[in-house]
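For reference, the structure discussed in these notes is given below.
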Amino acid sequence: MSDNILEIKNLSKIYHNEKGEMLALKDISFSIKKKEFISIVGPSGCGKSTILTILANILKKSQGEIKFNIENPKIGYMLQEDSLFPWRTVLDNACLGLEIRKEKTEKNKNKVINLLKKYGLGEFINSYPDSLSGGLKQRVALIRTLAINPDILLLDEPFSALDYQTRLSLSDDLKRIIKNENKTAIMVTHDIGEAISMSDKIVIISNRPGIVKKIIKVELKNPGTPTENRKDSNFIKYYDMIWKELDNHV
Amino acid sequence: MFSEEHKNYLKKVKRQNKIVIFFKIFIILAFMSLWEICAKLEIINPFLTSYPSQIILTIFDLFKENNLLLHIWITLYETIISFLLASIIGIIIASILWSSKTIFRILDPYLTVLNSLPKISLGPLIIIWVGAGTNSIIFMALLITVFTTTVNMYNSFITTDPYKIILMKSLGATKMQIFSKLVFRGNIPSLINTLKINISLSLIGVIMGELLISKQGLGYLITYGSQVFNLNLVLTSIFVLGIISYLLYIIIDLLERKIK
């Protein structure tokens, strides 16, 4: 078990407001190994994003255990919105995390510049986000997340705001970048195809309260880029399997 | 170089600009001439309405005999001090309200009352409390401006994109960092707008104060003029005031361009 970088046990979350309380997550348990890519799928409103907000330390859990098997784990959190600051250049946006952590040394800054250059943003380093397409903006957002050198990446529907074409090519990019940089990632999505084509493992969450319905290990015949994986002969098998699991709860 | 169509387009833009400039100048010249002629021909009573050439003459006279520059300076000084104080205090209060929902909920009704209360009604009180002088005029203008600043700035602070705040939190930002790097920085455009409103509100406050109590300033000249029934003096002061408020606006406008 020691090769698990993160273990979640019996995680529960209750939302409160003046009218009452709502059990959003119940007894969520799963674990993730180093360099693994996990997707969490489920119907909208099932609380799958809540898992990430708890892991990112933005919300408090109600019950359960979250155990990182590393000291001072650094977490990178990427959202559907690129949330780039329009008054900052691409480089300054990418360095935001370093700045907040007061780690914006010359060395770290150069690392970010290299990342931007490596992933096709070299000519935009001093541009402002306004002049970038949606796909490029989301790429800057990913590099901003990578800049702090996180141990685990949390991706909350990172492609939802993009058109289909951009979505496919960006998921290839994202997978390649995460693999190159040896990162561990947990992605939340409602797109079954996206989950299968990108992940090693898929956690299916049911609707309210969110409980783990099933955890599927994805084993494709010829694993490749996410776009190639969509054509894999096992792809449709997994698709049907997940579809049926989710269908019960619509 | 350019296509025929583009050349035509540029011509059209130039022509429209010329029309705008022409009418800008035409309106003021036509108004002044009409005013001058009507007063000279006594179609309107020049004693009540004065006329442009006389206003220009009065400005020169005031310079020489009544120290017009001093009056302008007093009004400007009071305006700038109350503008700066109100803007700084208002922004500080708005930041505090932003930082704590609880403080906001407690103070909300008080702010609403203070913001909607016609501050001129406090004039007599202020004169008695602070004394009849520059300080009470500044205080008056400050009261008029500070609540609007607070409410405007608070309202723009809370419209900060919640996803950007989540992003800042996920990067481990403190509340102070969220404020300085995102909330305040992102609201500089609305800050400039608030400053534009503030400069005219401060001027309104100062003139109101001067009308009530002062011994110097353009507001004083207006009161004095009306008391001795010298409407020429009143109109001249208003004319100078118009120029001053326009210049102040332009200064903020330049500041805005510099920031952009």
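Residue numbers (our numbering), protein chains in the order written: chain U, 6 to 255; chain B, 158 to 417.
The C-beta atom is built at its ideal place from N, Cα and C for all residues, glycine as well.
Only a predicted model underlies this, so the values are computations on that prediction, with no experimental measurement involved.
{"Check": "Measure the beta-carbon distance from residue 352 of chain B to residue 212 of chain B and round it to whole angstroms, keeping in mind my assumption that it falls under 8 Å.", "Outcome": "The Cβ separation is near 31 Å, so there is no contact."}
{"Check": "Got a sec? Which residues, its chain only, sit under 8 Å from residue 181 of chain U by beta carbon, not counting five neighbours each side?", "Outcome": "230"}
{"Check": "Would you kindly report the start and end of the unbroken alpha helix (DSSP H) that includes residue 224 of chain U?", "Outcome": "Here residue 224 of chain U belongs to no alpha helix (DSSP H), and DSSP marks it neither H nor E."}
{"Check": "So, do the stretch 313–320 of chain B and the stretch 395–409 of chain B have three or more beta carbon pairs nearer to each other than 8 Å?", "Outcome": "no"}
{"Check": "Mind listing the chain U neighbours of residue 318 of chain B? Cutoff is C-beta to C-beta under 9 Å, in chain order.", "Outcome": "86 and 88"}
{"Check": "Does residue 82 of chain U come out as helix, strand or coil in the three-state DSSP assignment?", "Outcome": "strand"}
{"Check": "The stretch 104–115 of chain U: which residues have C-beta closer than 8 Å to a C-beta of chain B, in chain order?", "Outcome": "104, 105 and 106"}
{"Check": "Closer than 8 Å, Cβ to Cβ, to anything on chain U: give me those residues from the stretch 300–325 of chain B, in chain order.", "Outcome": "318, 320, 321, 323, 324 and 325"}
{"Check": "Do the CB positions of residue 139 of chain U and residue 167 of chain U come within less than 8 Å of each other?", "Outcome": "yes"}
{"Check": "Measuring CB to CB, does residue 302 of chain B end up less than 8 Å from residue 239 of chain B?", "Outcome": "yes"}
{"Check": "Provide the residue(s) that pair with residue 38 of chain U in DSSP beta bridges, ordered along the chain.", "Outcome": "U:9"}
{"Check": "Which residue comes first and which comes last in the beta strand (DSSP E) that contains residue 206 of chain U?", "Outcome": "206–210"}
{"Check": "Is residue 102 of chain U close to chain B, meaning its C-beta is less than 8 Å from at least one C-beta of that chain?", "Outcome": "yes"}
{"Check": "Taking only beta carbons into account, state which residues of the stretch 137–171 of chain U come closer than 9 Å to chain B, listed in chain order.", "Outcome": "146, 149, 150, 153 and 159"}
{"Check": "I need the boundaries of the beta strand (DSSP E) containing residue 192 of chain U, first residue and last residue.", "Outcome": "189–194"}
{"Check": "Using 8 Å as the limit for Cβ to Cβ distance, is residue 352 of chain B near chain C?", "Outcome": "Of the chains in the structure shown, none is chain C; the protein chains are U and B."}
{"Check": "Give the DSSP bridge partners of residue 73 of chain U, in chain order.", "Outcome": "U:11"}
{"Check": "Counting only Cβ-Cβ distances shorter than 7 Å, please list the residues of the stretch 50–70 of chain U near chain B, keeping chain order.", "Outcome": "61 and 63"}
{"Check": "Would you please state the rounded distance, in angstroms, between the beta carbons of residue 339 of chain B and residue 153 of chain U? I believe it to be under 8 Å.", "Outcome": "Rounded, the Cβ-Cβ distance is 17 Å, inconsistent with contact."}
{"Check": "For the alpha helix (DSSP H) that contains residue 315 of chain B, what are its first and last residues?", "Outcome": "Residue 315 of chain B -> no alpha helix (DSSP H), and no H or E assigned at all."}
{"Check": "From the DSSP output, in three-state form, read off residue 199 of chain U for me.", "Outcome": "helix"}
{"Check": "With a threshold of 6 Å on Cβ separation, who are the neighbours of residue 246 of chain B within its own chain once the five nearest residues in sequence on each side are excluded?", "Outcome": "303"}
{"Check": "Please confirm if residue 133 of chain U has its CB atom under 8 Å from at least one CB of chain B.", "Outcome": "no"}
{"Check": "Thinking C-beta only, is residue 256 of chain B closer than 8 Å to residue 169 of chain B?", "Outcome": "no"}
{"Check": "If you scan the stretch 206–232 of chain B from start to end, which runs of the alpha helix (DSSP H) of 4 or more residues do you find wholly inside it?", "Outcome": "209–223"}
{"Check": "Do residue 244 of chain U and residue 201 of chain U count as a contact pair if the criterion is CB distance below 8 Å?", "Outcome": "yes"}
{"Check": "Does any CB atom of chain B fall closer than 8 Å to the CB of residue 20 of chain U?", "Outcome": "no"}
{"Check": "Is it buried or exposed, residue 299 of chain B, if we count other Cβ atoms within 10 angstroms and call 16 or more buried?", "Outcome": "buried"}
{"Check": "Just the C-alpha distance for residue 323 of chain B and residue 227 of chain U, rounded to the nearest angstrom, thanks.", "Outcome": "38 Å"}
{"Check": "With distances taken from CA atoms, which of B:413, B:171, B:367 and B:384 is nearest residue 233 of chain B?", "Outcome": "B:367"}
{"Check": "Can you name, in chain order, every residue of its own chain whose Cβ lies under 7 Å from the Cβ of residue 255 of chain U, other than the five neighbours on each side?", "Outcome": "A caution first: residue 255 of chain U carries a pLDDT of 45, below 50, which makes its placement in the model unreliable, though a value can still be read off. Excluding positions up to five away in sequence, the list reads 48."}
{"Check": "Can at least three beta-carbon pairs, one atom from the stretch 252–268 of chain B and one from the stretch 191–210 of chain B, be found at a separation below 8 Å?", "Outcome": "no"}
{"Check": "Can you say whether residue 6 of chain U is buried or exposed, counting buried as having 16 or more other CB atoms within 10 angstroms of its CB?", "Outcome": "Only weak support exists for where residue 6 of chain U lies, its pLDDT of 47 falling under 50; the coordinates are left without a value."}
{"Check": "Show which residues of chain B have a CB atom less than 7 Å away from the CB atom of residue 248 of chain U.", "Outcome": "Residues of chain B passing the Cβ test: none, with the nearest at roughly 30 Å."}
{"Check": "Quick check on residue 414 of chain B - is its C-beta less than 8 Å from some C-beta in chain U?", "Outcome": "no"}
{"Check": "Taking the DSSP output, what are the residues bridged to residue 22 of chain U?", "Outcome": "U:25"}
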